[in-house]
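Per this note's numbering, the very first residue in the sequence shown carries number 814; after that it's consecutive. Ideal placement from N, C-alpha and C gives every residue a C-beta, glycine not left out.
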Amino acid sequence: MGKVSDDVKKVTDISYGRRKYYIALAIIMLTNIVISFSLMFMYQKSLRNQINQRMLDIVNTAAYQLNGDELEKLTADDVETEEYQRALAVLRAFQKNIHLEYIYGINPEPDGSFTFTIDPDEEDPGEFGEPIVSTDALKHAAAGIASVDQVPYEDDWGRFYSAYAPIYDSEGNVAGIVAVDFNADWYDKQLNSSFAVSVILIMIAMTVSVILLREKGHHDQIKLVNRMAYIDPLTKVKSKQAYAENAKKIDESLVNGDAPEFGVIVFDLNGLKLINDTYGHEAGDKFIKDGCKIICRHYAHSPVYRVGGDEFVVILTGADYKNRIELLRSFEKMIEENQKNGDIVIASGMDIYNDDYDSDFTAVFNRADQKMYIRKRFLKEIAKE
814 MGKVSDDVKK VTDISYGRRK YYIALAIIML TNIVISFSLM FMYQKSLRNQ INQRMLDIVN
874 TAAYQLNGDE LEKLTADDVE TEEYQRALAV LRAFQKNIHL EYIYGINPEP DGSFTFTIDP
934 DEEDPGEFGE PIVSTDALKH AAAGIASVDQ VPYEDDWGRF YSAYAPIYDS EGNVAGIVAV
994 DFNADWYDKQ LNSSFAVSVI LIMIAMTVSV ILLREKGHHD QIKLVNRMAY IDPLTKVKSK
1054 QAYAENAKKI DESLVNGDAP EFGVIVFDLN GLKLINDTYG HEAGDKFIKD GCKIICRHYA
1114 HSPVYRVGGD EFVVILTGAD YKNRIELLRS FEKMIEENQK NGDIVIASGM DIYNDDYDSD
1174 FTAVFNRADQ KMYIRKRFLK EIAKE
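Have a look at this one:
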């Protein structure tokens, strides 16, 4: 009888141990599921914010490159004019260089509707004056607030999420809108892809490793999106990271012997410290943005980079490189007028690549930087007169 009792006790202990194991396993599985889904929703929210910010960075940068005074006067009959072609070139450059599906101009009509203006798409462009689907984000842009669609919409070209940014004229009024379209199926796929991954990981692992894998995947995705963000958050021009990568590419092309003609202009805004100390950093930020706009408008066909607090670099290529002497002269003349009138003063220095003695990009930059400091001293001297 004692033997039987011992066996029964062992069976009872084993059953109790199994119950505890299954309870613990169920708790772990439930915890994994709850945490995994929480991480998934956090991931989706973070990724949505990252993608939306990327869209806004692109559309804001494009808006800064366009001349609102010229755009608001354009009509369907102005296709062959210099003003129309200049705006078209800016939008087409964004479409090709950033691999955008669609980027185009929008005109807010007096009755509250919206119509196409300039569409650089070469295959099926929107017709000037053709109505555009109105969304809340588009209305916000018309009111001066750059926005991204929170829900997709459909038109003749497909199903999209769009980002919109206002284009301002010289008086600070909204003269037009720039829009960038992202395919809604691609966008939604990015947000929803984590769901299937989460379920598979839970079914396979059923351990805390699911959490770790999801967290690692989350951080990897954030890093990937961050690498895409080559736009300076304050000025919306290219960032220091983008500048470093472009300089590296130029160095590689020099080594390979296929470097294009290029020049470098270094800019430095005079008086930022005084403005920060006197009026505060918010005024300093506005000063930086206004100075950046001056540079961007003058060098509309070359990439502009913010490489420091008040320092910018333009890498001259194409038409700006060919016209570099005239462009710099007119820029310096404008700055000297600004100094007389108490407006923004920007020191500049330019130099170009010479294959006889330049071995890398830095050599060209250093010469331009030295010339900028010489110019900076000159501007300070004439200010005393």
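Item, Value
"Cutting at 7 Å between CB atoms, please list the residues of its own chain near D1164, excluding the five before and the five after it.", "G1076, V1077, V1177, R1180, A1181, K1184"
"Quick check on A1196: does DSSP put it in helix, strand or coil?", "helix"
"Indicate whether L884 and G989 have their beta-carbon atoms separated by less than 8 Å.", "yes"
"Would you call the segment 1059-1077 and the segment 1085-1104 touching, i.e. three or more CB-CB distances under 8 Å?", "no"
"Go ahead and pull the three-state DSSP assignment for A956.", "coil"
"Tell me which residue opens and which closes the alpha helix (DSSP H) that N1069 is part of.", "1053-1069"
"To the nearest angstrom, report how far apart V993 and P944 are at their CA atoms.", "16 Å"
"Identify the continuous alpha helix (DSSP H) that holds D1090 and give its terminal residues.", "1085-1092"
"In angstroms, rounded to a whole number, what distance separates the CA positions of K1106 and V1050?", "9 Å"
"Report the CB separation of G1162 from V1079 in whole angstroms; it is logged as a contact under 8 Å.", "5 Å"
"Between which two residues does the beta strand (DSSP E) containing S1161 stretch?", "1159-1165"
"Taking the Cβ atom as the reference point for each residue, do V1120 and C1109 lie within a distance shorter than 8 Å?", "no"
"Quick one, are the C-beta atoms of L869 and V961 less than 8 Å apart?", "yes"
"Shortest alpha-carbon distance to N1151 belongs to which of D1064, A959, I911, I1195?", "I1195"
"Smallest Cα separation from Y1166: which of D1081, D1071, A1160?", "D1071"
"Report yes if the CB atom of L1085 is closer than 8 Å to the CB atom of H1111, and no otherwise.", "no"
"Pull up the DSSP beta-bridge partners for F850, would you.", "Per DSSP, none; premise fails for F850."
"What does the Cβ neighbour count give for Q963, buried or exposed, with the cut at 16 atoms within 10 Å?", "exposed"
"Can you tell me whether DSSP reads G1030 as helix, strand or coil?", "Note that G1030 has pLDDT 46, beneath the 50 cutoff, so the model's placement of it is unreliable and no number is given."
"Which of helix, strand or coil does DSSP assign to L1025?", "The pLDDT assigned to L1025 is 49, lower than 50, so where the model puts this residue is not dependable, and the model offers no usable value."
"Can you say whether D924 is buried or exposed, counting buried as having 16 or more other CB atoms within 10 angstroms of its CB?", "exposed"
"According to DSSP, simplified to helix, strand and coil, what is G1104?", "helix"
"Which first and last residues belong to the alpha helix (DSSP H) in which N880 is found?", "Run containing N880: none; DSSP gives neither H nor E here."
"Rounded to the nearest angstrom, what separates N986 and E914 at their Cα positions?", "28 Å"
"Note down, in chain order, each residue of its chain lying with its Cβ closer than 7 Å to the Cβ of V817, except the 5 sequence neighbours on either side.", "Its pLDDT being 39, under 50, V817 is placed unreliably by the model, and the measurement read from it follows with that caveat. Taken in chain order, the list of residues that qualify is empty."
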